[in-house]
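Numbering (the working numbering), first residue to last: 41 to 429. For glycine and all other residues, C-beta sits at the position ideal for the given N, C-alpha and C.
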């Protein structure tokens, strides 16, 4: 990579800003999950946690004061363990403190099951305008293998209630599940299409470190079968009118998720809640932040004045890789001008890497855009390695 000058660096304009809110509790920890989630053991400290989130946001206000917030995403864990009243109180507090755009996309992650699904109407009334439902599979055998706490019947019921209250909702699905066949993987996709969702996320099950599955791996489909599943899923969804716009994301026309697009286009996001991460740009630097992970420590620290565990300026040498790590997940790639706009670096910084990736058939470009080829999408890690500092 071309050496980066230590001279004056600045961002021409600040990128769009989103808000991510982490809810760290779930009913039971899934054996494949490496997210910051903790099983509820002795009651949910709902009011105390909402108070902490509001305080966390207030502590962060000086970092982005006056900037409009484009989207909000409530992730977890299982945010739908919280009552509609709690979510309403949180959103009211946010609206009172930040410039939330009237058309802001506000997403809440939910898990199926009667307990959560009955709240969907309340979430909509509170201001949530998009749901993301963690289905994973419609096959009871696979749900059991994944350690999910809901059944296929509950998944269908949750979707029915979601459809009655929301005109925009995502379904999360996984494939390459333990002992899953190609026909079973496609049956899940076909069921999700028939359910009327506006957005689908189809993730390949991977064995992440420090998970139960990593310690005791289940019998998984081999690489060839997994690749066949991925290809067949993409074909099925394209035939159903879904646009494959990101590595694992498929959307009906006009229904791409604005929040995740902001991530993938190297936008900014404030992260509040236990273990939340944030990226905030200033004219003279880009900062990454991390909150304390464990809910108990987070709640203690926020009362003491700050739940910030780490805060660091991203080195200029790291910016090309961080930008590409996000932007090259998009099947349509990115505008070349966006690289300079979001990193403050000239495009010449990465031209040698572009040329190498093009020769290897991983990247294509014209005078306006760069994008991963079909080969680059399949071997994305190989493509991204070209931009490591």
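Residue i by DSSP, collapsed to three states: which one?
i, result
"residue 304", "helix"
"residue 215", "strand"
"residue 270", "helix"
"residue 238", "coil"
"residue 145", "strand"
"residue 139", "strand"
"residue 314", "coil"
"residue 390", "helix"
"residue 116", "strand"
"residue 184", "helix"
"residue 412", "strand"
"residue 161", "helix"
"residue 282", "coil"
"residue 299", "helix"
"residue 67", "coil"
Going by C-alpha to C-alpha distance, which of the options sits closest to residue i?
i, options, result
"residue 348", "421, 95 and 134", "95"
"residue 61", "173, 266, 299 and 211", "299"
"residue 307", "314, 317, 321 and 297", "321"
"residue 275", "290, 387 and 166", "290"
"residue 378", "227, 408 and 352", "408"
"residue 83", "346, 354 and 336", "336"
"residue 151", "416, 202 and 85", "202"
"residue 50", "427, 419, 396 and 384", "384"
"residue 314", "338, 144 and 304", "338"
"residue 421", "396, 388, 368 and 429", "368"
"residue 393", "423, 233 and 414", "423"
"residue 118", "190, 98 and 105", "190"
"residue 196", "163, 170 and 233", "233"
"residue 170", "230, 204, 137 and 181", "204"
"residue 113", "63, 104, 226 and 69", "63"
"residue 245", "71, 163 and 65", "71"
"residue 207", "252, 225 and 160", "160"
Does the distance from the CB of residue i to the CB of residue j come in under 9 Å?
i, j, result
"residue 360", "residue 390", "yes"
"residue 26", "residue 178", "Given a span of 41 to 429 for the chain in the structure shown, any question on residue 26 remains unanswerable."
"residue 148", "residue 175", "no"
"residue 216", "residue 265", "yes"
"residue 211", "residue 286", "no"
"residue 116", "residue 77", "yes"
"residue 108", "residue 131", "no"
"residue 122", "residue 173", "no"
"residue 54", "residue 355", "no"
"residue 52", "residue 381", "yes"
"residue 146", "residue 167", "yes"
"residue 248", "residue 242", "no"
"residue 427", "residue 365", "yes"
"residue 144", "residue 111", "yes"
"residue 342", "residue 182", "no"
Going by other Cβ atoms of all chains shown within 10 Å of its Cβ, with 16 needed for buried, is residue i buried or exposed?
i, result
"residue 48", "exposed"
"residue 228", "buried"
"residue 417", "buried"
"residue 223", "exposed"
"residue 373", "buried"
"residue 27", "Residue coverage of the chain in this structure runs from 41 to 429, which leaves residue 27 outside it and unanswerable."
"residue 153", "buried"
"residue 395", "exposed"
"residue 120", "buried"
"residue 310", "buried"
"residue 158", "exposed"
"residue 68", "exposed"
| request: Inspect the CB distances between the region 321-339 and the region 251-271 and report whether three or more fall short of 8 Å. | output: no
| message | Would the region 317-327 count as touching the region 400-411 if we require 3 or more Cβ pairs under 8 Å? | response | no
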